[in-house]
Amino acid sequence: MGTGLFCWVTLCLLGTGGVVQSPRHKITGKGQAVTFWCDPISNHQTLYWYRQTLGQGLGLLIRFENEAVIDDSQLPKNRFFAERLEGTDSTLKIQRAELGDSAVYFCASSLATASQTHLLPVHKALGFSSLFSSQPL
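Taken in order, the sequence shown gives residues -21 to -1, 1 to 116; the numbers are from mature numbering (1 follows the signal peptide of the UniProt record, and there is no 0).
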């Protein structure tokens, strides 16, 4: 079966406040490209992309204020690329997926910039049981 290694990537809605992500689930082979799309809540200036690998907490990949990158210090720039055009929707692209990229990827938005790069209190309060919805794909 080729390489026999697959990367499993899942996108979930962070809460029910109107952030839309696509695709909701994605399974891809090693070496393939993956693109995720996020439409934040209307009028939210700040957009965040997080990644959670198995057994780890959420880690911030990148934070935008409108279309400007504020913090991308944890984004693996050799294969990951994120953009937000005109302060609206955003894409996160992974080139040549590796097994270590298997994770849950989250997009979140807020009206104002948080004073820290960690999770906002509203994000911490959600817990994992509310992140995985039973809505049809």
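All C-beta atoms in this analysis are idealised placements derived from N, C-alpha and C, irrespective of residue type, glycine included. Remember, it's a predicted structure, so these values are computed and weren't measured experimentally.
Asked, Found
"Coil, strand or helix - residue 64 by DSSP", "helix"
"Beta-carbon proximity check, residue 53 vs residue 39, cutoff 8 angstroms", "yes"
"DSSP state of residue 95 mapped onto helix, strand, coil", "In this prediction, residue 95 scores a pLDDT of 48, lower than 50, which makes its location untrustworthy; no coordinate-derived value is stated."
"For residue 78, the three-state DSSP class (helix, strand or coil)", "helix"
"Cut-off 6 angstroms between Cβ atoms - residues of its own chain near residue 32, not counting five sequence neighbours on either side", "82"
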